[in-house]
Every structure is written in C-alpha cells, then in structure tokens.
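Remarks on the structure that follows.
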Amino acid sequence: MTGVATHLVKVTVGRPRPDLLHRCQPVAGATNHPPNEFFGLATWTVCTQTNRLIMRDGWRSFWSGHASTDSFAGLSFLSYYMAGKLHMFDEQGYTVKVWATLSPFLVAILVTISRTVDNRHHWQDVTVGAIVGMNFGYFAYRQYYPSLADKLSHEAYQARLSAFERNMPQGEPDREVPRDEESAPLIDNYSERGMNSPPPDEA
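Set out below in structure tokens:
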C-alpha cells in the first residue's frame, strides 16, 4: 500500500529533485528565454542528457520513497511489533525495552538523512515520507495486533475464518497412541505391496 501511494504521488506532484541540473547537463552558455527570465530555466530543451529514465526520475522527489516504503513502513512495523511483545507501555520503566523498541526507528532515520545528504531529496520530501511510512506501518500492525497499551498487546488477533470454515464440523481431538499400538503392524506385507493374500495351502 505504501509503495502504491508513494508512486502515485510522485507521478502526480512531479517535484524536481535537488540534483536535477546535474541530471540535465545543460549546454554551455544556456540562457533564460522570455517570458521566463525571472523564474529561471523552464524547459528541457537546454538539457544534453539523453537518458529519459534519468530525466524522468529527476521530477519524482516528493515524497521520498526511501523514507516511506524502504525504511519507515517496514521498520516502524518492527518497532510496533517489538513494543507490543515487550509490553513497552506497562508502566514498569525498563530502559532496555525502550532502546530495543526504538532501534529500528534509528536505522530508518539514518536512511532518511542519507537521502538529503546525497542530494536526492529535499528535507520536506523525507519528512512527509517518514510520516506516511509510520502511519501505514501502524495501520498494518493494527490489522493483526491490539493497541500497544493493551494488556494483551503481545498476542495476535485470532485468524479470520470464512462462514464456510466456521460452520465446518470439528474433528475429534487427537488421542495419545499407546506404545504397543505404535509398534503393531497396521497392514500385512501383502497389503502393503498391493497384493492379494496368499491362497490357503491345499491338502
């Protein structure tokens, strides 16, 4: 879900990346043409880049897919999962549980910061992407687990059964097989091989 939403917004918004001019490689001495002299370069005709994929990706800055899909969506789900299993909000105040729960978030933050340092995204792109990823991660988590403040936060919800499965008759409970039954042969050698029993000896 996060990936689909991210791709749709990228294509719709079309915000230029910070490295767009490097992707474009404009011709030497390129000047602005009226009426766009005040706003700067406005067309792709000054670009010498021939790779369409590189240029097309240069207008897909908002929001950051690395922040939303690759880091915060998955790693935030892991943080929520660990918080539920460790009962982070049980009012016991164990620092170890806090650090263990927040460690995936720290990794996601480092990945997000690297996208701005590498000049691939603006800070607004990664900020919005991180918020979107955390929300989708929490939405996915709540599909299977109760609230983090719940006393049973470590237990997943019961499996959803269809009406057909709910109406199926329940089988008999398994019983413990005695050892003498385990060692006793269930079928003779002839039946095991798919052969008929031997005829009785004729006098």
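Just so we're aligned, residue 20 is where the sequence shown starts under this note's numbering, counting upward by one.
All C-beta atoms in this analysis are idealised placements derived from N, C-alpha and C, irrespective of residue type, glycine included.
Keep in mind it's a predicted model, so treat the numbers as computed, not measured.
If you count every other CB in all the chains shown that lies within 10 Å of the CB of residue i, and 16 or more means buried, which is it?
i: LEU167; result: buried
i: THR114; result: exposed
i: ALA49; result: exposed
i: LYS170; result: exposed
i: GLY112; result: exposed
i: GLU201; result: Unreliable positioning characterises GLU201 in this predicted model, as indicated by a pLDDT of 49, which lies under 50. The coordinate reading is nonetheless provided below. Result: exposed.
i: GLY77; result: buried
i: GLY30; result: According to the sequence displayed, residue 30 carries Val and not Gly. When all chains shown are included, VAL30 counts as exposed.
i: LEU94; result: buried
i: ARG71; result: exposed
i: ALA47; result: exposed
i: THR25; result: buried
Using the DSSP secondary-structure output, state which residues sit across from residue i in a beta bridge.
i: CYS66; result: PRO45
Between the alpha carbons of residue i and residue j, how many angstroms are there, rounded?
i: TYR157; j: CYS66; result: 43 angstroms
i: SER122; j: THR69; result: 42 angstroms
i: ARG134; j: ASN186; result: 53 angstroms
i: LYS104; j: PHE155; result: 20 angstroms
i: LEU97; j: HIS141; result: 26 angstroms
i: TYR163; j: GLU174; result: 9 angstroms
i: TYR176; j: PRO165; result: 7 angstroms
i: TYR160; j: TYR99; result: 7 angstroms
i: ILE128; j: HIS85; result: 10 angstroms
i: HIS106; j: SER172; result: 7 angstroms
i: THR21; j: SER90; result: 11 angstroms
i: THR131; j: ASP109; result: 30 angstroms
i: ARG36; j: VAL151; result: 19 angstroms
i: ASP137; j: VAL147; result: 18 angstroms
i: ARG79; j: ALA178; result: 39 angstroms
i: THR88; j: PRO45; result: 32 angstroms
i: ALA149; j: THR62; result: 31 angstroms
i: LEU40; j: ILE73; result: 11 angstroms
i: LEU27; j: VAL117; result: 35 angstroms
i: MET153; j: PHE124; result: 10 angstroms
i: THR64; j: ARG75; result: 14 angstroms
Round the Cβ separation of residue i and residue j to the nearest angstrom and send it over; I've been treating them as touching at under 8 angstroms.
i: PHE81; j: ARG42; result: That belief does not hold up - the Cβ atoms of PHE81 and ARG42 are roughly 16 angstroms apart, past 8 angstroms.
i: SER83; j: VAL32; result: Between VAL32 and SER83 the Cβ distance is about 12 angstroms, and since that is not below 8 angstroms, they are no contact.
i: ALA102; j: THR120; result: 5 angstroms
Hey, does residue i have any beta-carbon neighbour from chain C nearer than 9 angstroms?
i: ASP144; result: The structure shown contains no chain C, having only a single protein chain.
Check for me: the alpha helix (DSSP H) holding residue i runs from which residue to which?
i: ALA178; result: First-last for ALA178: undefined, no H or E at that position.
i: THR120; result: 114-136
i: LYS104; result: 93-104
i: GLN143; result: 142-161
i: ALA24; result: 21-32
i: MET74; result: 71-76
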